[in-house]
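From first to last, the protein sequence lines stand for chains P and F. Residue numbers for the first sequence follow my numbering, beginning at 1 and rising by one. Residue numbers for the second sequence follow my numbering, beginning at 1 and rising by one. In this text, a Cβ means the ideal position worked out from N, Cα and C, and glycines have one as well. Before any comments, here is the structure.
Protein chains: 2
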Amino acid sequence: MRFTSEQLLDSGVLEREFTLGEIPGTLWTPGSAAPAPLILMAHNNGLPKGQPRLVARARHTASYGYAVATIDAAGCGDRPRSAADERTRAELRRATRAGEPVDGILESLVGPLVERAAPEWRTALDALLSLPGIDGPVGYSGWTALGIRLAVTEPRIAAACLFAGGHVPSAQREEARRVTVPLLFLLQWDDEGNPRQRALDLFDAFGSEERTLHANPGGHIGTPWFEVEDGARFYDRHLG
Amino acid sequence: MRFTSEQLLDSGVLEREFTLGEIPGTLWTPGSAAPAPLILMAHNNGLPKGQPRLVARARHTASYGYAVATIDAAGCGDRPRSAADERTRAELRRATRAGEPVDGILESLVGPLVERAAPEWRTALDALLSLPGIDGPVGYSGWTALGIRLAVTEPRIAAACLFAGGHVPSAQREEARRVTVPLLFLLQWDDEGNPRQRALDLFDAFGSEERTLHANPGGHIGTPWFEVEDGARFYDRHLG
């Protein structure tokens, strides 16, 4: 892992860009000296790690005393895309504009994206946990499909805060029953592109004994800010 | 309002029994000197004010710096019941034992209970707000049907935390659209006696722009303790 730039924020949080082989990432660490539990924060469907809403969430969460890390995994963010990926994304845009069903297209886009992303997140996790000042247990935040895959394959993940707004491939819908870590599941009640009933069914399917659904009215990007604070307290309970 | 007994708890909270005409009540006030916002706490379907789960919730909420009050309104708790009420309750027990549908019986029991209880809660509110050390704005906690009625008729109610597990009469289902105060709506996902879909429909129906559903797995009385803490933060946002 090689740090390529750093910036000290007013909150005392240190924000560092890094590369790990081909993987670019960002790490936020709190000002406190004590070892901080780590939270992996991923954006739905592989949106860029520099996306402002994710960055705001990461900075705020780090200010609560957590190390927060994100990466652009293979096929995500600004990483090169295969010709097949480009074709699928073009087809998705076309179908969305035309008002046609997009479920099948999303399945063929997001399914492989999760398959390729998960191993890179585990590689990043190994490297991050070897840094001084970063400690387990590990939390996860954001992209539901990737979170399910990591939760069932990565025993170091101890709690996950998942955002319901995004396509969950059939493979991860199946894996949901095998998720047993405590979950906080965030649902935007009026998310245009993501059927509410599907999210409620997924909440029902999770195997976790401790899981809480937080639903708020409004569209996809309308999650109220207090949910970031509720998320921090969820992590306090399980990673603190 | 006449105080009939008092007890100082280890938390510094003062617990006092009172009577207000025919209405018996309990008031919990925090140890702090500053005027405390008031929370009215009512148990679903008129269960007694001394019920241990309500008392535990009230004591804990008061320790966060709130004045908390509850009463046994007309027909509730240990208050005398009319012969008609007794007959309906006997019929409810019989139908429940026989596994018959109880919706109609609950409607005829809970509907009138809310009608009679609401004015007494408003009377209590007047008396409580005239006490030194108790201040507005006012929060509400618990019994959904009564909370809806109070929220639409009582402008001093500024925020409400409602428990989904209980029969909501058709009149209150209609009134839900007129509720506009911030809401925290608590749902037990596997509540045996209260259909989940009905609670989700009610959450959908509320007129409040700011409303959050918190759902947890488990039966009617399984609400996790951290929801009391989340409730206190909800009040902090709106009554603080």
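Between the beta-carbon of residue i and the beta-carbon of residue j, is there less than 8 angstroms?
i	j	result
F:Ile-23	F:Ile-71	yes
F:Leu-183	F:Ala-164	no
P:Ala-127	P:His-238	no
P:Asn-194	P:Gly-240	no
P:Arg-2	P:Thr-19	yes
P:Ala-67	P:Ala-36	yes
F:Val-168	F:Leu-202	yes
F:Asp-236	F:Gly-218	no
P:Gly-133	P:Thr-61	no
F:Leu-109	F:Arg-81	no
P:Val-114	P:Ala-151	no
P:Ala-73	P:Ala-117	yes
F:Val-138	F:Leu-9	no
F:Phe-185	F:Arg-211	yes
F:Asn-216	F:Trp-143	no
F:Leu-125	F:Glu-154	yes
P:Ser-5	P:Arg-59	no
F:Ala-171	F:Gly-111	yes
P:Gly-147	P:Leu-38	no
F:Ala-75	F:Cys-161	Per the sequence shown, the amino acid found at residue 75 of chain F is Gly instead of Ala. Cβ atoms of F:Gly-75 and F:Cys-161: not closer than 8 angstroms.
Just to confirm the assignment, what range does the alpha helix (DSSP H) spanning residue i have?
i	result
P:Tyr-235	226 to 239
P:Glu-120	103 to 129
F:Leu-150	144 to 153
F:Leu-9	Per DSSP, F:Leu-9 belongs to no alpha helix (DSSP H) and is neither H nor E.
P:Arg-79	First-last for P:Arg-79: undefined, no H or E at that position.
F:Arg-59	52 to 63
At which residues does the beta strand (DSSP E) containing residue i begin and terminate?
i	result
P:Glu-210	First-last for P:Glu-210: undefined, no H or E at that position.
P:Gln-172	Careful: P:Gln-172 lies outside any beta strand (DSSP E), inside the alpha helix (DSSP H) at 170 to 175.
Could you tell me which residues DSSP pairs with residue i in its beta bridges?
i	result
P:Ala-159	P:Gly-139
F:Val-68	F:Trp-28, F:Ile-39
F:Arg-2	F:Thr-19
F:Ile-134	F:Ala-36
P:Asn-216	P:Gln-188
F:Leu-200	In the DSSP output, where bridge partners are listed per residue, F:Leu-200 has none listed.
F:Leu-241	Outside the shown range of chain F, which is 1 to 240, sits residue 241 of chain F, and nothing can be said about it.
By the 10 Å Cβ neighbour count, where 16 or more other Cβ atoms means buried, how is residue i classified, buried or exposed?
i	result
P:Ser-141	buried
F:Gly-46	buried
P:Glu-227	buried
P:Arg-93	exposed
P:Ala-225	Reading the sequence as shown, one finds Trp at residue 225 of chain P and not Ala. Result: exposed.
F:Gly-31	exposed
F:Gly-21	exposed
P:Thr-223	buried
P:Arg-97	exposed
F:Gln-197	exposed
F:Gln-7	exposed
P:Ile-221	exposed
F:Val-78	First, the residue type needs correcting, since residue 78 of chain F is Asp and not Val in the sequence shown. By the 10 Å Cβ count, F:Asp-78 comes out exposed.
F:Ala-69	buried
F:Ala-42	buried
P:Ala-84	exposed
Notebook entry, point to check: Is the segment 191 to 211 of chain P in contact with the segment 176 to 183 of chain P, if contact means three or more CB pairs nearer than 8 angstroms?
Noted result: yes
Margin query: I want to know whether the segment 43 to 59 of chain F touches the segment 10 to 25 of chain F - three or more CB-CB distances under 8 angstroms.
Written below: yes
Check: Does the segment 118 to 131 of chain P come close enough to the segment 100 to 110 of chain P that 3 or more CB-CB pairs lie under 8 angstroms?
Finding: no
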